[in-house]
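Only one structure is covered here, and it is reproduced in the block below.
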Amino acid sequence: MFENIYDFGANRGQNLRYFLNYTKKVNGIKNRTLLVGVDRVSSPVNSEFADETFSGNFRYGKTYSKLKTNFSANFNNSIFNNIVNGEAIKSKDFSHSYQASVATKFKNAPNFEVGYQKSFNNYSNSKSETDRPFANIEISFLKNFIFTSDYSYYKYKNTFENSNNKTNNTYSFLNANLYYQQKDSKWEFKISANNLTNNTSMNTDSYNEISDSNSTSIYYVQPRLYMFSVKYNL
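Residue numbers (the working numbering): 1 to 234.
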């Protein structure tokens with residue numbers, strides 16, 4: 001594993017961080033799988049095939065007088081080897097994503113952040129992409145109140161090779177919170193509203209390394225929810 005953290009110095013307001021990680025598992029305990037119709041019979045064995053994972057992460061940020069910019073990228077490439085019905089099956093899972101954002105850093109004025117994230121998932125027989133523009137806001141007012149809100153818009157696409165099956169979905173989430181706390185008080189009151197767009201579902205990828213296949217599922221989420229909470233700091 002290799003990791004490096006580099007700080008250009010507070011006076012220049014820049015920082016860079018990245019790491020690389022490689023793992024190879026040799027002679028590990030895996031399941032020998034026998035598929036009989038819809039049934040699966042598995043037994044542990046010492047596999048002569050190696051599983052490998054190569055991953056990395058990169059982050060760079062720069063702070064200006066009243067602005068802060070960030071960029072990040074990460075990837076994960078995995079190779080799995082399994083024995084299914086007496087045959088060696090090699091499967092691959094490669095994912096990578098990128099995100100860029102700009103945020104204000106005012107002391108007494110409202111602060112905003114806007115950004116964009118692009119994610120890719122590549123499997124042996126299919127691939128998916130997700131675009132996610134997002135925005136956040138934080139406003140302090142009347143000395144004791146803080147209002148925060150975050151919004152994300154998702155555009156999801158999944159394509160299967162050698163097939164006409166495609167999935168294209170769009171959905172969004174909007175959350176908001178209102179905090180009230182007097183100075184030096186141990187009591188905090190909060191009104192929160194989650195999923196104000198009343199979205200009912202989202203997409204999720206599920207990869208099966210045994211069958212070297214990927215499926216796209218609909219994940220149902222909790223509808224619009226309002227909540228009032230009280231917190232006391234001991």
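A virtual CB, placed ideally from N, CA and C, is assigned to each residue, including glycine. This one's a predicted model, so the numbers in the text were calculated from it and none came from an experiment.
Annotation note: the stretch 130-176 contains the following uninterrupted beta strand (DSSP E) runs of length 3 or greater, listed N- to C-terminal: 145-160.
It is roughly 17 Å from the alpha-carbon of residue 92 to the alpha-carbon of residue 119. For residue 230, the closest of 159, 185, 152, 82 by C-alpha to C-alpha distance is 185. Residue 99 carries a strand assignment under DSSP once its states are collapsed to helix, strand and coil. Around the Cβ of residue 29, a 10 Å sphere holds fewer than 16 other Cβ atoms; the residue is exposed.
For residue 118, the uninterrupted beta strand (DSSP E) segment begins and ends at 111-123. The alpha helix (DSSP H) runs lying completely inside the stretch 11-38 and spanning 4 residues or more number zero.
Of the candidates 75, 195, 55, 126, the residue whose Cα lies closest to the Cα of residue 152 is 195.
Counting only residues of its own chain and dropping the five nearest sequence neighbours on each side, residue 232 has a CB closer than 7 Å to the CB of 186, 187. Per DSSP, reduced to three states, the secondary structure at residue 225 is strand. Checking the DSSP bridge columns, you'll see residue 190 partnered with 179, 229. Straight across, the Cα-Cα distance linking residue 110 with residue 82 is about 54 Å. By the Cβ-count criterion, residue 226 is exposed, with fewer than 16 other Cβ atoms from all chains shown falling within 10 Å of its own Cβ. In the structure shown, residue 217 adopts extended strand secondary structure according to DSSP, grouped into three states. The residue among 27, 62, 99, 124 with its C-alpha nearest the C-alpha of residue 131 is 99. DSSP places residue 105 outside both helix and strand once states are collapsed to three, so it counts as coil. Under the DSSP assignment, residue 73 falls in the beta strand (DSSP E) whose first and last residues are 67-84.
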